[in-house]
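Structure first, commentary second.
Number of protein chains: 2
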Amino acid sequence: MSSAFENLGKRIVLGETRAAARAMRDVDDRVPGYMDLLKAIFPSTGTAFVIGITGNPGAGKSTLTDRLIEQYRRAQKKVGVICVDPSSPYSGGAILGDRIRMTRHANDANVFIRSVATRGHLGGLSRSARDMVRVLDAFGCDIILVETVGVGQDELEITRTAHTTLVVMAPGLGDEVQAIKAGIMETADVFAVNKADRDGADGTMRDIELMIALGSESMVATGKKKGHAVHAGVKVDAIPFAGGADEPWTPPVIKCISTQGEGITDLVQALARHRIWLETTDLGRARRRTRLAEEVREALRETLIDTATQALAAEIDRAVSEVEARTTDPYTATERLLTAFKTA
Amino acid sequence: MSSAFENLGKRIVLGETRAAARAMRDVDDRVPGYMDLLKAIFPSTGTAFVIGITGNPGAGKSTLTDRLIEQYRRAQKKVGVICVDPSSPYSGGAILGDRIRMTRHANDANVFIRSVATRGHLGGLSRSARDMVRVLDAFGCDIILVETVGVGQDELEITRTAHTTLVVMAPGLGDEVQAIKAGIMETADVFAVNKADRDGADGTMRDIELMIALGSESMVATGKKKGHAVHAGVKVDAIPFAGGADEPWTPPVIKCISTQGEGITDLVQALARHRIWLETTDLGRARRRTRLAEEVREALRETLIDTATQALAAEIDRAVSEVEARTTDPYTATERLLTAFKTA
Chain H
10 MSSAFENLGK RIVLGETRAA ARAMRDVDDR VPGYMDLLKA IFPSTGTAFV IGITGNPGAG
70 KSTLTDRLIE QYRRAQKKVG VICVDPSSPY SGGAILGDRI RMTRHANDAN VFIRSVATRG
130 HLGGLSRSAR DMVRVLDAFG CDIILVETVG VGQDELEITR TAHTTLVVMA PGLGDEVQAI
190 KAGIMETADV FAVNKADRDG ADGTMRDIEL MIALGSESMV ATGKKKGHAV HAGVKVDAIP
250 FAGGADEPWT PPVIKCISTQ GEGITDLVQA LARHRIWLET TDLGRARRRT RLAEEVREAL
310 RETLIDTATQ ALAAEIDRAV SEVEARTTDP YTATERLLTA FKTA
Chain W
10 MSSAFENLGK RIVLGETRAA ARAMRDVDDR VPGYMDLLKA IFPSTGTAFV IGITGNPGAG
70 KSTLTDRLIE QYRRAQKKVG VICVDPSSPY SGGAILGDRI RMTRHANDAN VFIRSVATRG
130 HLGGLSRSAR DMVRVLDAFG CDIILVETVG VGQDELEITR TAHTTLVVMA PGLGDEVQAI
190 KAGIMETADV FAVNKADRDG ADGTMRDIEL MIALGSESMV ATGKKKGHAV HAGVKVDAIP
250 FAGGADEPWT PPVIKCISTQ GEGITDLVQA LARHRIWLET TDLGRARRRT RLAEEVREAL
310 RETLIDTATQ ALAAEIDRAV SEVEARTTDP YTATERLLTA FKTA
């Protein structure tokens, strides 16, 4: 291992902010050897509680995140925040505006905020988020908030890198329908209905509770089929219990008004309860193992693709030309590429 | 090759509807040997014009698709339609409602409509769509419409399997912002502003035209970075011209009222112009080659992942347990899995 990264790893574990900042950049940019850094710090990770925060723009996500930082700081926790934006470059401006609200923590040495920009493909982004979480974990953050912009497959993929996923909604955004489309119900652990002083807050509460009820049923039918139904799937799959509690988790729905700091304490409580569920129940442990398995599979997928496309650059070009000339079909070409990779 | 599939392939090329229906199921289910079928029919493909149709629910996508089918049928074209729904199972009902509008073509032997349901992962769905398009192409469809539900990374991924991507919008849906987030501007070839008799239609037109203008600039900056900016990227990349026309493509924005059949002729014209652009200009040919390269790469990715996860099932389980026990880190585990795969 490059002693440079070994040394950087040591400095991160010692809590050196500059080292952490440097490491966050390096893992995001995937500079040569960044893997050595991640390997070096891994033994110092595993203590942080990672919370994924998602929800539509307009739900007041950033203000809520800001309040959560405040609460955890009151409890003397060291807090890391990763803001992920997988959306198109055009939206950059709007998001920047949201972010600014968090800058009042910028001078607090125990609050570490970083943004990660969009990448070409989805997997790459959630992997970057995961790696950056590891750095913050080794850096000694007790709480790590991973906030995504908007709701979509990409964002949900990212929140699945967290222990607990918090979905923020607000009355009158018509979030409910979009939530259903985006598959939120299968991923959410805790719901926050923000801006609860607005008209329709109770309606939104009811809608979400209804969807939770529907979801746990629907998962019985679809759980097997759907890749991202694992969490709900855990509720229905037959799991051999090792004698521990086998309480299933039903996502609580918490009302809050983040601009006034109302309901934040309840929210923190709900998040803490979910952490306890993850750590003390068989279903919780099963869920953690499932997520870990997902990480290993995702990492394998990415490594396979990166290695293959690099190793086969020329062969791929040739294959494309042949398919273009219709002298071969894409399926035979692919099989040839696979063989070429395995014998490379 | 299994003579069963060879024979099925022959029957498809001869235009046997039952054979095509059977083949569509087989490729969607990826029954053992389905690759042989795709290889068998490939020489008989390449003549169809494939149009991807996307846009938010509420934009009147299905009604518009219905009108397009009508127009192409008037022109004596054989039409294939693939309806893709990558969204959560809960939305099933709503979509079914939309679909019903198309059933009046159900008795027309020259209109072939099939739906493809959601899969665990994204790539799998666009690959299924691509394979089903090949079947319809070999089946002799002149026009193949691939309609997706809603707008998102998944849907855009799918529309990229088409020659031409039509994005349907409507006034008062606030589509514009979502379009920006979803990255539509990088993928759209033709815009339809549907329900143009509604208030705000002109505003929507202007917004889209502005975004198109912004897009082509922004691509100069981001084109290199963004995986799905290729189309716009073509506008700015330096391409050695072989003497052909080098006219870049600027997406036209067509007003229509699909419920009354207004603007559909203009829309069909715009789609035809884009096809000509693809076939007669260097930029168009470059775009087609890029898409072909994407297909080969995607097929390679999928084959790699499928083969590896099958071959390494046991090793992956072991790796997960070791990472769980923290006797190894995910990164070392992944490297080991890669080696195991290449030496398998």
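Residue numbers (the working numbering), protein chains in the order written: chain H, 10 to 353; chain W, 10 to 353. Glycine residues also receive a C-beta, built at the ideal position from the N, C-alpha and C atoms. Since the model is a prediction, treat every value here as computed from it, not as a measurement.
- Contact note: Glu15 (chain H) does not reach chain W at a C-beta cutoff of 8 Å; the least C-beta distance is about 14 Å.
- Interface with chain W (7 Å Cβ-Cβ cutoff): Thr170 (chain H) is excluded.
- The Cβ atoms of Arg297 (chain W) and Leu287 (chain W) sit closer than 7 Å to each other.
- Contact between the stretch 261-268 of chain H and the stretch 191-207 of chain H is present, with at least three C-beta pairs closer than 8 Å.
- In terms of beta-carbon proximity, Ile314 (chain W) lines the interface with chain H, with at least one pair separated by less than 7 Å.
- Chain H has no Cβ within less than 7 Å of the Cβ of Thr259 (chain W).
- Val176 (chain W): member of the beta strand (DSSP E) spanning 173-178, first to last residue.
- Not one beta carbon of chain H lies nearer than 7 Å to the beta carbon of Ala28 (chain W).
- In terms of beta-carbon proximity, Arg300 (chain H) stays away from the interface with chain W, with every pair separated by 7 Å or more.
- For Leu346 (chain W), the three-state secondary structure derived from DSSP is helix.
- Nearest CB-CB separation between Phe51 (chain W) and chain H: below the 7 Å threshold.
- According to the DSSP assignment, Ala323 (chain W) belongs to the alpha helix (DSSP H) that extends over 322-333.
- Interface criterion met: the Cβ of Tyr340 (chain H) is under 7 Å from a Cβ in chain W.
- Taking C-beta atoms as the reference points, Gln85 (chain W) and Val277 (chain W) fail to come closer than 7 Å.
- Residue state for Ala201 (chain H) is assigned as strand, using DSSP reduced to three classes.
- Around Ala171 (chain H), the same chain offers Val59, Ile60, Gly61, Val155 as residues with beta carbons nearer than 6 Å, after the five sequence neighbours per side are excluded.
- Judged by beta-carbon spacing, Ile167 (chain H) lies within the 7 Å limit of Thr157 (chain H), meaning their Cβ atoms are closer than that value.
- The shortest CA-to-CA distance from Ala302 (chain W) to any of H:Pro339, H:Gln319, H:Arg294 is the one to H:Pro339.
- Taking each of H:Thr56, H:Asn16, H:Ala342 in turn and checking the Cα distance to Gly42 (chain H), the smallest one comes out for H:Asn16.
- A direct Cα-to-Cα measurement between Arg345 (chain W) and Met44 (chain H) gives close to 14 Å.
- Within 10 angstroms of the beta-carbon of Asp211 (chain H) lie fewer than 16 other beta-carbons, which makes it exposed.
- By the beta-carbon neighbour count (other beta carbons within 10 angstroms, threshold 16), Ala201 (chain H) is buried.
- Contacts with chain H (Cβ-Cβ distance below 9 Å) from the stretch 307-332 of chain W involve Ala308, Leu309, Arg310, Glu311, Thr312, Leu313, Ile314, Thr316, Ala317, Thr318, Leu321, Ile325, Asp326, Ala328, Val329, Ser330, Val332, listed in chain order.
- Leu321 (chain H) sits buried, since 16 or more C-beta atoms from the chains shown fall within 10 Å of its C-beta.
- When the beta-carbon positions are compared, Gly89 (chain W) and Ile153 (chain W) come within less than 7 Å of each other.
- Unbroken alpha helix (DSSP H) stretches of 4 residues or longer found wholly inside the stretch 26-100 of chain W: 26-38, 43-50, 70-83, given in chain order.
- The C-alpha of Glu256 (chain H) is placed about 8 Å away from the C-alpha of Asp291 (chain H).
- By the 16-neighbour rule on beta-carbons within 10 angstroms, Ile314 (chain H) is buried.
- For Phe14 (chain W), no beta strand (DSSP E) run applies; the uninterrupted alpha helix (DSSP H) run containing it begins and ends at 12-22, by DSSP.
- Below the 7 Å Cβ cutoff, chain W contributes Lys351 as neighbours of Lys351 (chain H), in chain order.
- Glu256 (chain H) sits in coil when the DSSP states are folded into three classes, being neither helix nor strand.
- Judged by DSSP secondary structure, Leu287 (chain W) falls within the alpha helix (DSSP H) whose first and last residues are 273-289.
- Selection H:Leu46, H:Ala118, H:Leu77, H:Arg139 evaluated against Val93 (chain H) yields H:Arg139 as nearest (Cα-Cα).
- Taken through DSSP and simplified to helix, strand or coil, Gly181 (chain H) comes out as coil.
- Excluding sequence positions up to five before and after Glu164 (chain H), its CB lies within less than 6 Å of the CB of Thr63, Thr157, all in the same chain and listed in chain order.
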